[in-house]
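Reviewing the structure listed below.
Protein chains: 2
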Amino acid sequence: MHNRKNPPGHFSRLTIEMYLCLTSYFITDPAMHTSQQLTQLIERYIAGLTFPEHPSHLYAPISYTLEEGGKRLRPMLLLTVCDMYGGPVEQALPCAGALEVFHNFTLLHDDIMDNAELRRGKSAVHKKWNHNTAILSGDAMCIYSYHLLQQSPPALLPRLMAEFNKMALEVCEGQQYDMDFQFREDVSMEQYNDMIRLKTAVIFGAAAKMGGLLAGAPEKDLDLLYEFGTELGIAFQIQDDYLDTYGTSEILGKQIGGDIEESKKTFLAINALNEAGAATRRALLATFADHKLPLPHKIGRVRTIYDSLDIPRITRKIIGRYLENASGLVARLTVDEQTASPLYGIIQSLADRNK
Amino acid sequence: MHNRKNPPGHFSRLTIEMYLCLTSYFITDPAMHTSQQLTQLIERYIAGLTFPEHPSHLYAPISYTLEEGGKRLRPMLLLTVCDMYGGPVEQALPCAGALEVFHNFTLLHDDIMDNAELRRGKSAVHKKWNHNTAILSGDAMCIYSYHLLQQSPPALLPRLMAEFNKMALEVCEGQQYDMDFQFREDVSMEQYNDMIRLKTAVIFGAAAKMGGLLAGAPEKDLDLLYEFGTELGIAFQIQDDYLDTYGTSEILGKQIGGDIEESKKTFLAINALNEAGAATRRALLATFADHKLPLPHKIGRVRTIYDSLDIPRITRKIIGRYLENASGLVARLTVDEQTASPLYGIIQSLADRNK
């Protein structure tokens, strides 16, 4: 066993496409899958999930939600870890699928709660159908994720299910804090961190750990994998916050500025409120509270304030720090550096995401 | 093993209180629990479920929903069956609790979809808090039911979970059909039966079967138990339809006439539409569609039409038939008549329910 002490520390200009080439190059163990192969496996698996034709209002929104456009990050993380420990990737597919379906269920219900119009460039389910359909289809998706999870190897089911349940309840807690924070001006950075850990990061943690569980990874590694996934997930959410203000609607497939419109306490907003002097702080809060201001103008004003406070640079720096933490955790796993290279690849591919 | 061929066929004036005395009397096997003991076990178990204090908007509605007033029919059915086969009732409690929590989750979300004001004499969650809170707390309850289920004996978990998932998806299907039928005038009795089997009955079927699974009942009995629970559940739902028009708000703890207000295709409505001549049919449909008519008047008019068509008697007759079917299925179980007496007791207690 080899503890890698000096993980690669810079993840700057690497795109997902470059990462795909990179991992194909790195992987010399013929038993390991390339990331393209894993992507293909999970895409085929999800495309192969068929739902009854009736009642159509229940199942059509589920197919619609799952059909395309997702990054499949969570199932890919699970499969990558499972593969890395020599686990049976085919047997891990239902569990990977469960995470993806559960994630999509949370998006579907979150879109109702946040009154979001678009998701992945298409109408959100509650807009395309209606509120009741979105509630009930979401419920069915949540249950369906357990239906997939149940197809995991029976001996592992109690532990996988415990992990999944803990994560799923925490995701609900995170969403509740996120909604609560909309009505508060005094959210601290610590409270924000707790919120995104619950809302977004624990599903990455669970994905990595469950991949390890499915492959029979050592107990010590399971905890490290959970921490690794969580750090990755926090970086991912801060990037999400960043892209909601500085991203491009066409690339993201959703309206930008949604967080601004809903007065979400993002990493950017909390940092700006902390950094700003009294006058700028008042101006920022007034902009958030101004529901008559058209959204493009509102985004413009908020950006100007953020830029003046150097928020974009601060944000990118913190994202880098979380990704470095993730990398440090990979280095502490019992697997050697070459075997762990797909995880470094995932870290690097996240570093430069623009959607 | 004794197949009881002549089950008791009349369930007329027996109240739940009388049943409790009856089963205490019947049960001579000292290893079996009385229904009071089982009720106490499940009530204590549910009262012992503690939720985190924060986020309060997520967990307070769950405690509020579970705290009191439920009939606990589904967990009682599970425990009764488990006990009847000499199973370990204490080990069955998490599974029984999972069914009760899941059932309450569906009520919470159904109340949003049906825009119901009251539940068990208290404000529905979406009225006491708000829509978003009701959606998210419901989600957490659904997940929490799996958290309880996971605490079942590990060796049985894969099968229990398969049973639970199938039931849970079917309940969503039933709710979707129920909503779809609101906008249709041509719902057949067969379609209605399918709908209530899914929406209401399968959870009774799953409860009985899971009770058998937990006790290691013979495979043949598991199928019969499922059928028995399903027949019982259909009778229960038709009674629910009946009580929504002919029940008493104070006893039911919810507004009566909710089905009429929402143009639900109940057993009564479908029978009336089938039985009525053209003029009465038009009058009934016009009354359903009249959204300006105050609800008490609307209920009065609908009752007058139902009474003229003898709907109450037809309804009670059909309920009796389903309860007799249930009784016939109990008679086919491998257990002897005396051992099965708690199930006859449950059938009898349902026969005269008024809430």
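Heads up: the protein sequence lines correspond to chains A and B, in order. Quick note, the first sequence lines up with residues 1 to 355 if you use the numbering used here. Quick note, the second sequence lines up with residues 1001 to 1355 if you use the numbering used here. Note that beta-carbon positions come from the ideal geometry of N, C-alpha and C, so glycine has one too.
Cβ of residue i within 8 angstroms of any chain A Cβ
{"i": "glutamate 1067 of chain B", "result": "no"}
{"i": "asparagine 1165 of chain B", "result": "yes"}
{"i": "glutamine 1175 of chain B", "result": "yes"}
{"i": "isoleucine 1042 of chain B", "result": "no"}
{"i": "threonine 1028 of chain B", "result": "A caution first: threonine 1028 of chain B carries a pLDDT of 48, below 50, which makes its placement in the model too unreliable to give a value."}
{"i": "alanine 1116 of chain B", "result": "no"}
{"i": "aspartate 1186 of chain B", "result": "no"}
{"i": "leucine 1157 of chain B", "result": "yes"}
{"i": "leucine 1232 of chain B", "result": "no"}
{"i": "proline 1218 of chain B", "result": "no"}
{"i": "aspartate 1259 of chain B", "result": "no"}
{"i": "histidine 1147 of chain B", "result": "yes"}
{"i": "alanine 1162 of chain B", "result": "yes"}
{"i": "proline 1075 of chain B", "result": "no"}
Residue(s) in a DSSP beta bridge with residue i
{"i": "arginine 119 of chain A", "result": "A/Lys122"}
Cβ-Cβ distance between residue i and residue j below 8 angstroms
{"i": "leucine 1198 of chain B", "j": "glutamate 1170 of chain B", "result": "yes"}
{"i": "phenylalanine 1051 of chain B", "j": "tyrosine 1045 of chain B", "result": "no"}
{"i": "glutamate 1227 of chain B", "j": "glycine 1205 of chain B", "result": "yes"}
{"i": "threonine 80 of chain A", "j": "isoleucine 270 of chain A", "result": "no"}
{"i": "isoleucine 62 of chain A", "j": "alanine 96 of chain A", "result": "no"}
{"i": "proline 55 of chain A", "j": "glutamate 1173 of chain B", "result": "yes"}
{"i": "lysine 1264 of chain B", "j": "glutamine 1182 of chain B", "result": "yes"}
{"i": "tyrosine 242 of chain A", "j": "threonine 287 of chain A", "result": "no"}
{"i": "isoleucine 203 of chain A", "j": "histidine 103 of chain A", "result": "yes"}
{"i": "glutamate 100 of chain A", "j": "arginine 72 of chain A", "result": "yes"}
{"i": "leucine 285 of chain A", "j": "glutamate 185 of chain A", "result": "yes"}
{"i": "leucine 1268 of chain B", "j": "isoleucine 1311 of chain B", "result": "yes"}
Cutoff 8 angstroms: residue i Cβ touching any chain B Cβ
{"i": "lysine 132 of chain A", "result": "In the sequence as presented, lysine is not what sits at residue 132 of chain A; that position holds asparagine. Judged by the 8 angstroms Cβ criterion, asparagine 132 of chain A is in contact with chain B."}
{"i": "aspartate 194 of chain A", "result": "no"}
{"i": "proline 356 of chain A", "result": "The requested residue 356 of chain A is not part of the displayed model; chain A covers only 1 to 355."}
{"i": "methionine 210 of chain A", "result": "no"}
{"i": "histidine 291 of chain A", "result": "no"}
{"i": "serine 24 of chain A", "result": "Because the pLDDT of serine 24 of chain A is 47, which lies under 50, any placement of that residue in the model is unreliable, and the question is left without a value."}
{"i": "isoleucine 112 of chain A", "result": "yes"}
{"i": "aspartate 139 of chain A", "result": "yes"}
{"i": "methionine 84 of chain A", "result": "no"}
{"i": "glutamine 150 of chain A", "result": "yes"}
{"i": "leucine 213 of chain A", "result": "no"}
{"i": "leucine 58 of chain A", "result": "yes"}
{"i": "tyrosine 144 of chain A", "result": "yes"}
{"i": "isoleucine 135 of chain A", "result": "yes"}
{"i": "histidine 109 of chain A", "result": "yes"}
{"i": "proline 154 of chain A", "result": "yes"}
{"i": "arginine 310 of chain A", "result": "For clarity, residue 310 of chain A is aspartate in the given sequence; the question names arginine instead. Answer no: the Cβ-Cβ gap between aspartate 310 of chain A and chain B never drops below 8 angstroms."}
Euclidean distance between Cα positions of residue i and residue j
{"i": "phenylalanine 1236 of chain B", "j": "threonine 1245 of chain B", "result": "15 angstroms"}
{"i": "leucine 1108 of chain B", "j": "leucine 1160 of chain B", "result": "24 angstroms"}
{"i": "tyrosine 1344 of chain B", "j": "threonine 1065 of chain B", "result": "30 angstroms"}
{"i": "isoleucine 260 of chain A", "j": "lysine 1122 of chain B", "result": "37 angstroms"}
{"i": "glycine 258 of chain A", "j": "asparagine 115 of chain A", "result": "9 angstroms"}
{"i": "proline 1094 of chain B", "j": "leucine 1156 of chain B", "result": "13 angstroms"}
{"i": "serine 35 of chain A", "j": "tyrosine 1144 of chain B", "result": "34 angstroms"}
{"i": "threonine 154 of chain A", "j": "proline 1158 of chain B", "result": "In the sequence as presented, threonine is not what sits at residue 154 of chain A; that position holds proline. Taking the straight line joining both Cα atoms gives about 6 angstroms."}
{"i": "histidine 1057 of chain B", "j": "lysine 1127 of chain B", "result": "13 angstroms"}
{"i": "histidine 10 of chain A", "j": "methionine 1179 of chain B", "result": "Residue placement at histidine 10 of chain A cannot be trusted, given a pLDDT of 42 that sits under 50; what the coordinates show is reported in the next sentence. Rounded to the nearest angstrom, the two C-alpha atoms are 54 angstroms apart."}
{"i": "leucine 1077 of chain B", "j": "threonine 1339 of chain B", "result": "14 angstroms"}
{"i": "aspartate 1240 of chain B", "j": "isoleucine 1256 of chain B", "result": "10 angstroms"}
{"i": "leucine 1252 of chain B", "j": "alanine 1124 of chain B", "result": "14 angstroms"}
{"i": "glutamate 163 of chain A", "j": "methionine 210 of chain A", "result": "7 angstroms"}
{"i": "tyrosine 25 of chain A", "j": "alanine 331 of chain A", "result": "Legend: pLDDT at tyrosine 25 of chain A = 43, less than 50; position of this residue unreliable, value from coordinates given subsequently. Distance between the alpha carbons of tyrosine 25 of chain A and alanine 331 of chain A is about 20 angstroms."}
Sequence-distant residues of the same chain with beta carbon closer than 8 angstroms to residue i, five excluded per side
{"i": "alanine 1201 of chain B", "result": "Gly1229, Thr1230, Glu1231, Leu1232, Gly1233, Ile1234, Phe1236, Gln1237"}
{"i": "leucine 1038 of chain B", "result": "Met1076, Leu1079, Thr1080, Asp1083, Val1089"}
Own chain, CB closer than 6 angstroms to residue i, minus 5 neighbours either side, in chain order
{"i": "glycine 69 of chain A", "result": "Arg120"}
{"i": "methionine 1032 of chain B", "result": "Asp1083"}
{"i": "isoleucine 1112 of chain B", "result": "His1126, Ala1134"}
{"i": "glycine 1087 of chain B", "result": "Leu1214, Ala1215"}
{"i": "leucine 1323 of chain B", "result": "Phe1011, Ala1235, Ile1347, Ala1351"}
{"i": "alanine 217 of chain A", "result": "Tyr85"}
Residues of its chain near residue i, where Cβ-Cβ distance is below 7 angstroms and the 5 sequence neighbours each way are ignored
{"i": "arginine 1013 of chain B", "result": "Because the pLDDT at arginine 1013 of chain B is just 41, under 50, the model does not fix this residue reliably, and the point stays unresolved."}
{"i": "alanine 1283 of chain B", "result": "Ile1305"}
{"i": "aspartate 1221 of chain B", "result": "Gly1212, Leu1333, Thr1334"}
{"i": "alanine 1092 of chain B", "result": "Leu1078, Leu1079, Cys1082, Gly1211, Leu1214"}
Any chain C beta carbon closer than 8 angstroms to residue i
{"i": "alanine 168 of chain A", "result": "In the structure shown, chain C does not exist; the protein chains are A and B."}
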